[in-house]
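Below is one structure, written out as structure tokens; comments come after it.
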Amino acid sequence: MTISGNALRQLHRIHRQLTDLRERLARGPKQVAAGDANARQAEKAVEDAKSAYTRARVLSDDKQLQLKSREGRLRDLQIKLNEAKSNKEYQALKEQIAADTQANSVLSDEILEALELLDELTAAIAAAHQHCVKAKEEAAKTRARVNEQHQKLETELAR
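Taking the numbering used here, the leading residue of the sequence shown gets 150, the next gets one more, and so forth.
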């Protein structure tokens, strides 16, 4: 039995088409998995941003509480200053008040920086959330496209 060159060419072409269709079918689940992985990564970024915001908020609140307690201490020192019995006690209280006032100033600056950081983290959360929504939309589009192509490729493969 002899096989003509045209029959061999046609058989080779069909074989290449089958290989191409099988590769395209195998590529679909990989694309879906990549889209899902991207969406999961975006969700993790949102969670990380929220976690960073929470930590920064706790630190900011701690500093604000510390500032309030220091201000209460300053009021107490001011009362003691008014009740001082000797010049030495008066000078010591005056120095302590000056030191605490300076420390409160530094703490106020730190609180302002912490509040600015909170604003930046809020913006980062919003951006991460937007990215997450887009990633989920892309994953859904990829899944729909792959499903559509899968049906067409299966039909073509069966043919």
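Ideal Cβ placement from N, Cα and C applies to all residues, glycine included.
All values reported here derive from a predicted model rather than from experimental measurement.
Across the structure, lysine 217 and asparagine 253 are spaced so that their CA atoms are roughly 9 Å apart. Here glycine 184 is buried: its Cβ has 16 or more other Cβ atoms, across all protein chains shown, within 10 Å.
Within the model, the alpha-carbon separation for arginine 224 versus glutamate 238 is close to 16 Å. Taking C-beta atoms under 8 Å as the contact rule, valine 295 and glutamine 166 fail to qualify, at a distance of about 20 Å.
Judged by pairs of C-beta atoms under 8 Å, the region 234-249 does not touch the region 154-166, as fewer than three such pairs exist. Counting along the chain, no alpha helix (DSSP H) covers lysine 234, and no H or E run does either. With contact defined as three or more Cβ pairs closer than 8 Å, the region 196-208 and the region 284-300 are not in contact.
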